[in-house]
Amino acid sequence: MKYEELARTIVQNVGGKENVNDLGHCMTRLRFKLKDESKAKTEVLKNTDGVVSVVQSGGQYQVVIGNAVGDVYNDINSIYNINEGDNVVEDQKEEKKLSLFDRFIDLVSGVFTPTLGILAATGMIKGLTMVVIALGLLDMNSGTYQILNIIGDCFFYFFPVFLGYTAAQKFKGNVFIGMAIGTAMVYPTLAGIMAEKPLYTLFAGTIIESPVHLTFLGIPVILMSYASSVIPIIIATWIASKVEMQLKKIVPDVVKSFFVPAGTLLIVIPLTFIVIGPIATWASQLFGAGTQALYNLSPVITSAVLAGVMQICTIFGIHWGIVPITLNNLAVLGYDMTIPATTIGIFGQVGAVLAVMVKTKDKKLKALTYPAFISGIFGVTEPAIYGITLPRRKPFILGCVSAVVGGLIVGLMGTKGYSLIAGIFLLPSVIGPNGIDQGFYGLVIGIIVTLVLSFLLVSFFWKDEEPAA
Numbered sequence: 087m088k089y090e091e092l093a094r095t096i097v098q099n100v101g102g103k104e105n106v107n108d109l110g111h112c113m114t115r116l117r118f119k120l121k122d123e124s125k126a127k128t129e130v131l132k133n134t135d136g137v138v139s140v141v142q143s144g145g146q147y148q149v150v151i152g153n154a155v156g157d158v159y160n161d162i163n164s165i166y167n168i169n170e171g172d173n174v175v176e177d178q179k180e181e182k183k184l185s186l187f188d189r190f191i192d193l194v195s196g197v198f199t200p201t202l203g204i205l206a207a208t209g210m211i212k213g214l215t216m217v218v219i220a221l222g223l224l225d226m227n228s229g230t231y232q233i234l235n236i237i238g239d240c241f242f243y244f245f246p247v248f249l250g251y252t253a254a255q256k257f258k259g260n261v262f263i264g265m266a267i268g269t270a271m272v273y274p275t276l277a278g279i280m281a282e283k284p285l286y287t288l289f290a291g292t293i294i295e296s297p298v299h300l301t302f303l304g305i306p307v308i309l310m311s312y313a314s315s316v317i318p319i320i321i322a323t324w325i326a327s328k329v330e331m332q333l334k335k336i337v338p339d340v341v342k343s344f345f346v347p348a349g350t351l352l353i354v355i356p357l358t359f360i361v362i363g364p365i366a367t368w369a370s371q372l373f374g375a376g377t378q379a380l381y382n383l384s385p386v387i388t389s390a391v392l393a394g395v396m397q398i399c400t401i402f403g404i405h406w407g408i409v410p411i412t413l414n415n416l417a418v419l420g421y422d423m424t425i426p427a428t429t430i431g432i433f434g435q436v437g438a439v440l441a442v443m444v445k446t447k448d449k450k451l452k453a454l455t456y457p458a459f460i461s462g463i464f465g466v467t468e469p470a471i472y473g474i475t476l477p478r479r480k481p482f483i484l485g486c487v488s489a490v491v492g493g494l495i496v497g498l499m500g501t502k503g504y505s506l507i508a509g510i511f512l513l514p515s516v517i518g519p520n521g522i523d524q525g526f527y528g529l530v531i532g533i534i535v536t537l538v539l540s541f542l543l544v545s546f547f548w549k550d551e552e553p554a555a
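First residue of the sequence shown? That's 87 in my numbering, and the numbers climb one at a time after it.
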């Protein structure tokens, strides 16, 4: 083992194996959850060759290693088997001591960190494909474009499948059960069913009017598109881990290998469609209705608020609630004022990523910021949010705050979008029938102000040594 000596030194100086509840790692840090942090010899570790620094944050004792962290982690587990046995139970007790926000960020970090490389790669490919189309170098009907689009979009479309795997790892469940749940959520037949005429409609005439396309054991199922969604699969996988744990206690060992997965899937997948789907759908509808009500009251305020909260709504998957409003405005009025606001929200995160890129001395983090920045400019913010800003909290929050200012500018300038597009390519789409007007300049100013303000705020308030969750 290449790092055996370092592995032994680290474990000895965090209080020994018996002081460790759990051990994980991110891109550069070993993340211990210790029973008693006072037993750790922090100064000894800081002066150990191979250790960059030590950070204590959010209930975690983090030993910063650098690029070799994966190898050190593997050697520690080869020697000590840290993540086996009763340690898991005590780790769960320790997590309850964290604040709700800290636990949420810890969850997001744990679920998304394994996907960051491929997330950044496909995001960059998706953004560059948009550039090629915008420059007229490819026709959208060409086979070359179709294949490039598939390469860039495949990971995002099937996001629930990949997150089912990583979420199951986080919740100590069967990763293949997590993947199976994610696969069910994006099963192609569902899209076809949703396109058909509904059997009947629940809550007709209300804000949460919901078409029912099928039933399960007589229970109405309200379908939604789970492609690219995040929160539903995480919730479903968490429930699955609990169900799996209980089934393991009662199912005989001789049939446990297939009865436990079968029972878990039979319980959790219908539950996901019957409960999680409707809740997400209704949340989207309420968000859309609230946006419309605020828009009727004041388009300027709506623009500012929407710019600030849109990236937050994207995380929870309720941003789809605004799409019907946007499409209706485009069809009836020929333009829509929410489109520029959502793009401003994007540039809040882009500015935050740029600040992290310039400020960080972590080579691996810096390498991730480049594709996140590129894809963000072209309207794809998932690599920026999940890989850079959200795990570090302040960049995400400050990016959203900066977007409020930019949203206020485009609202005051009366910027209108004439097609449903995001990112830098929205600029030509805000040029109306009468040519360039103040709305166009409003978007330019709004983007610049948001980008610069976000960059400055993150540069000033975020410290490179602050740990990601």
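Beta carbons: idealized from backbone N, C-alpha and C, even for Gly.
Because the structure is a prediction, the values reported are computed rather than measured.
- DSSP places T301 in the uninterrupted beta strand (DSSP E) bounded by L300 to F302.
- Relative to the Cα of L413, the nearest Cα in the group S143, L116 and L506 belongs to L506.
- With contact defined as three or more Cβ pairs closer than 8 Å, the stretch 266-274 and the stretch 292-299 are not in contact.
- With respect to the 8 Å criterion, G363 and I308 are classified as neighbours on the basis of their beta carbons.
- In its chain, beyond the 5 residues on either side, Q435, V439, A458 and G462 have a beta carbon closer than 6 Å to the beta carbon of A470.
- Taking a contact to require three or more Cβ pairs closer than 8 Å, the stretch 231-241 and the stretch 317-333 do not qualify as touching.
- Following the DSSP letters along the chain, one finds V155 inside the alpha helix (DSSP H) bounded by residues V155 to Y166.
- L116: member of the beta strand (DSSP E) spanning R115 to L120, first to last residue.
- Between R117 and Q148, the C-beta gap is smaller than 8 Å, which places the two residues in contact.
- Residue pairing by DSSP puts Y147 in a beta bridge opposite F118 and Q142.
- Straight-line measurement puts the Cα of K103 at about 6 Å from the Cα of V97.
- Between V535 and G497, the CB-CB gap reaches or exceeds 8 Å.
- In this structure, the alpha-carbon of V197 lies about 5 Å from that of A253.
- Counted as a single uninterrupted DSSP element, the stretch harbouring G525 is not any beta strand (DSSP E) but the alpha helix (DSSP H) occupying residues Q524 to F547.
- In the structure shown, V337 adopts coil according to DSSP, grouped into three states.
- Take the alpha-carbon of G209 and the one of S540: they are about 21 Å apart.
- For P306, the enclosing beta strand (DSSP E) starts and ends at I305 to V307.
- For Y527, the CB contacts under 8 Å within the same chain, skipping 5 residues up- and downstream, are M499 in chain order.
- Cβ neighbours of F289 within its own chain (closer than 8 Å, five residues either side excluded): E295 and S296.
- The C-beta distance from P385 to G503 rounds to 13 Å, too long to fall under 8 Å, and the pair is not in contact.
- With distances taken between CA atoms, F359 lies nearest to M310 out of M310, D422, L186 and L234.
- In the DSSP assignment, V106 forms a beta bridge with L120.
- Closest by C-alpha distance to G485, out of V395, F373 and F242, is V395.
- Counting only unbroken stretches of 3 or more residues, the beta strand (DSSP E) elements lying wholly within the stretch 235-318 are 286-288, 296-298, 300-302 and 305-307, in sequence order.
- The C-beta of F262 has fewer than 16 other C-beta atoms within 10 Å across all chains shown, which makes the residue exposed.
- Taking a 10 Å sphere around the C-beta of P514, we find fewer than 16 other C-beta atoms and assign the residue as exposed.
- Straight across, the Cα-Cα distance linking F482 with V337 is about 45 Å.
- Excluding its 5 nearest sequence neighbours in each direction, F245 has C-beta neighbours in its own chain below 6 Å: S314, listed in chain order.
- In this structure, A441 and V544 form a Cβ contact; the two beta carbons are roughly 4 Å apart against a cut-off of 8 Å.
- By the neighbour-count definition (other C-beta atoms within 10 Å, threshold 16), G268 is a buried residue.
- A direct Cα-to-Cα measurement between G213 and R94 gives close to 45 Å.
- With 16 or more other Cβ atoms from the protein chains shown falling within 10 Å of its own Cβ, V137 counts as buried.
- With respect to D135, G101 sits apart: the two C-beta atoms are not nearer than 8 Å.
- Exclusion of the five residues before and after A369 leaves I404 as the residues of its chain whose Cβ lies within less than 6 Å of its Cβ.
- Taking all protein chains in view, the Cβ of Y159 is crowded by 16 or more other Cβ atoms within 10 Å, so the residue is classified as buried.
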